[in-house]
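*Asks:* Protein chains in written order, with this note's numbering: chain A, 266 to 407; chain B, 266 to 407.
Just passing along the structure, written as structure tokens.
There are 2 protein chains.
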Amino acid sequence: MIQINYQDKRPIYEQVVERFRQLIVKGVLSEDDKIPSVRNLAIDLSINPNTIQKAYQELERLGFIYTVKGRGNFVCGRDRWMEDETTEVLQQLKTCVHELISLGMQGDGIVDTVRTEVKKCANGKDDAAAAGDYNRKGSDAT
Amino acid sequence: MIQINYQDKRPIYEQVVERFRQLIVKGVLSEDDKIPSVRNLAIDLSINPNTIQKAYQELERLGFIYTVKGRGNFVCGRDRWMEDETTEVLQQLKTCVHELISLGMQGDGIVDTVRTEVKKCANGKDDAAAAGDYNRKGSDAT
DNA sequence: CTATGTGTACTAGTTGTGATAGTACACACG
DNA sequence: CGTGTGTACTATCACAACTAGTACACATAG
């Protein structure tokens, strides 16, 4: 489910955050799905519970999950993060366009690239639906 | 020329690298332009020469500058970095597109956004030409 | 109620990286 | 040779990431 890459220079907690962010945005994890407990995931990944806790706090701050004391952590609905995420990624997209122009790439080429990429997504439908679910309400991990 | 933002969480040497990258990509610094010496820039920014050295080594590794022992550091030609940079930014662009699709944005909307941004660049012509040059061959800093 | 699983908070310590400080050496140029 | 340059090296400090261990509060099942 969650893998840690020790070759990666980024801190572990950041990798955990990023991984869950992907799973949630792509729809692999749905609203109110339960995610592993701090302790369970820590054992699973052979790292310290505090590191997972830090990751979960960050995910909560970003609006991706909510916490119920004594019960666990659960995935928030799209309305809690979709707008912010879209704004952010849109900003990244614009920055890329500016840089490509600076690098001498033609505007038409950029637009074409994007159009091609959009079509590719439409055909492949991304990997969200294919991935299936992971840990639904009530089906707690063994 | 180069400013350091101490509010920024990124290390100083990384900020220096990023700033020079921008100046070079945008054409403010041209091929064979001389950039400040390790010691001069260190004094200028009130930081340690070793930090600048680290930044310059990274810039050389990335192909943005070349070093001549005893003379200084100079900007490389576009051919040394343009291809790699374009490939990298293009990859970022595609990732953004995929994420926006996952976030539920319509493909048409994405393409429109890009087209609009391209036009904006075409009108403003970015800020490359406006910035002028900084430190040409032979005009060493005082 | 108790036992268990959960999130939360706190202290203490280790490790790695960024940054500083200082020194020394090699090369280019006038 | 003297100056300005890049390069290399050691030592030290500060901070972030991570680990280790403990303690407490809450929810649920028995």
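Backbone N, C-alpha and C define an ideal beta-carbon position, used for all residues, glycine too.
All values derive from a computational prediction rather than experimental measurement.
1. Measure the C-alpha to C-alpha separation of residue 304/B and residue 337/B and round it to an integer number of angstroms.
2. What would DSSP say about residue 331/B, mapped onto helix, strand or coil?
3. Between which two residues does the beta strand (DSSP E) containing residue 293/B stretch?
4. Quick check: the region 367-383 of chain B against the region 348-367 of chain A, are at least 3 beta-carbon pairs closer than 8 Å?
5. With a Cβ-Cβ cutoff of 8 Å, do residue 329/A and residue 289/A count as a contact?
6. Using a Cβ distance threshold of 8 Å, determine whether the region 306-323 of chain B contacts the region 271-283 of chain B, with at least three qualifying pairs required.
7. Would you say residue 387/A reaches chain B, if we count a Cβ-Cβ gap shorter than 8 Å as a contact?
8. Under DSSP, the beta strand (DSSP E) around residue 337/A begins and ends at which residues?
9. Using the rule of at least 16 other Cβ atoms within 10 Å of the residue's Cβ for burial, across every protein chain shown, is residue 291/A buried or exposed?
10. What residue from 309/B, 311/B, 342/B, 387/B has the CA that sits closest to residue 325/B's CA?
11. Quick one: measure Cβ to Cβ for residue 361/B and residue 365/A, integer angstroms, because I've assumed they're closer than 8 Å.
12. Less than 7 Å separating the Cβ of residue 352/B from some heavy atom of the ligand NAD?
13. So is residue 283/B in contact with chain A if we call contact Cβ pairs under 8 Å?
14. If we call anything under 8 Å between Cβ atoms a contact, is residue 312/A one with residue 277/A?
15. How would you write the range of the alpha helix (DSSP H) that residue 373/A sits in, first residue to last?
16. What residues of chain B sit near residue 342/A, judged by a beta carbon separation below 8 Å?
17. Tell me, please, which residues DSSP counts as bridged to residue 299/B.
18. Taking Cβ positions, are residue 381/A and residue 355/B nearer each other than 8 Å?
19. Which same chain residues end up closer than 8 Å to residue 395/A when comparing Cβ atoms and leaving out the 5 residues on each side of it in sequence?
20. Which of helix, strand or coil does DSSP assign to residue 278/B?
21. Quick one: list the residues of chain A neighbouring residue 368/B, beta-carbon separation under 8 Å, in chain order.
22. Taking a contact to mean a Cβ-Cβ separation below 8 Å, would you say residue 310/B touches residue 269/B in this structure?
23. I want to see whether chain B comes within less than 8 Å of residue 406/A, judged by CB atoms only; does it?
24. With H, G and I counted as helix, E and B as strand and the rest as coil, what does DSSP make of residue 403/B?
25. Is there a Cβ from chain A that is less than 8 Å from the Cβ of residue 383/B?
26. Could you tell me if residue 321/B is buried or exposed, where buried requires 16 or more neighbouring beta carbons within 10 angstroms of its beta carbon?
*Replies:* So, from the listed chains and residues:
1. 11 Å
2. strand
3. Where residue 293/B is concerned, there is no enclosing beta strand (DSSP E), given that its DSSP letter is neither H nor E.
4. yes
5. yes
6. yes
7. yes
8. 337-340
9. buried
10. 342/B
11. Residue 361/B to residue 365/A, Cβ: 12 Å. No contact.
12. No copy of the ligand NAD occurs in the structure displayed, which carries no ligand at all.
13. no
14. yes
15. 372-389
16. Under the 8 Å cutoff, chain B gives no residues; its nearest Cβ is about 13 Å from residue 342/A.
17. 339/B
18. no
19. Because the pLDDT of residue 395/A is 40, which lies under 50, any placement of that residue in the model is unreliable, and the number read from its coordinates should be weighed accordingly. Hits under 8 Å: none found.
20. helix
21. 290, 347, 350, 351, 354
22. yes
23. Below a pLDDT of 50, predicted positions are generally treated as unreliable, and residue 406/A, at 31, falls in that range; no measurement from the model is reported.
24. Caution is warranted here: a pLDDT of 34 is assigned to residue 403/B, below 50, making its placement in the model unreliable, and no coordinate value can be reported.
25. yes
26. buried
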